[in-house]
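Its first residue numbered 10, the sequence shown is counted upward by one per residue in my numbering.
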Amino acid sequence: MLKISLAVSIPDEEMELKAIRSQGAGGQNVNKVSSAIHLRFDIVASSLPEFYKERLLALRDKRITKEGVIVIKAQEHRTQEKNRDEALSRLQALIKSAIVVQKVRRATKPTKGAKKRRLEGKNKRSQLKKLRGKVLD
């Protein structure tokens, strides 16, 4: 059972975890042991609330396929257990990031004082640069 929030959790049956061989260097261990984890989670067929599903499907993330399946591959660690925990925590983080509602940005104008200070600073810098020129007799 993967806990997303106090009210929302995902049963283990909805997540497909498969052990595969890791890529890259590692010698005999990499060739013999299936320590990497391939996690698949179907958003549409899950028991998540509709709000969660809509937000997840609207995400533009390379880990989400066109069919609405989240695919996560974890292979950083040497043991299968650590990679399993890593994959589950990545899934949890992805779902939590999808439900965060961004605050609406309202355009603002700089104050008169701020404009005045900016122009004074520019003028001061300009005067300083003019003084760096050649000295004429």
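Glycine included, each C-beta is placed from N, C-alpha and C at the ideal position.
(request) Report buried or exposed for S135, applying the criterion of at least 16 other Cβ atoms within 10 angstroms of its Cβ. (result) exposed
(request) Using three-state DSSP, classify S55 as helix, strand or coil. (result) coil
(request) Might you give, ordered along the chain, the residues of its own chain that have their beta carbon closer than 7 Å to the beta carbon of H86, omitting 5 neighbours on each side? (result) N92 and E95
(request) Determine the direct distance from the alpha carbon of I52 to that of D70, and round the result to whole angstroms. (result) 13 Å
(message) In whole angstroms, give me the CA-to-CA distance for Q89 and S55.
(response) The C-alpha of Q89 lies about 25 Å from the C-alpha of S55.
(message) Tell me the rounded alpha-carbon separation between R64 and I104.
(response) If I take the Cα positions, the gap works out to 9 Å.
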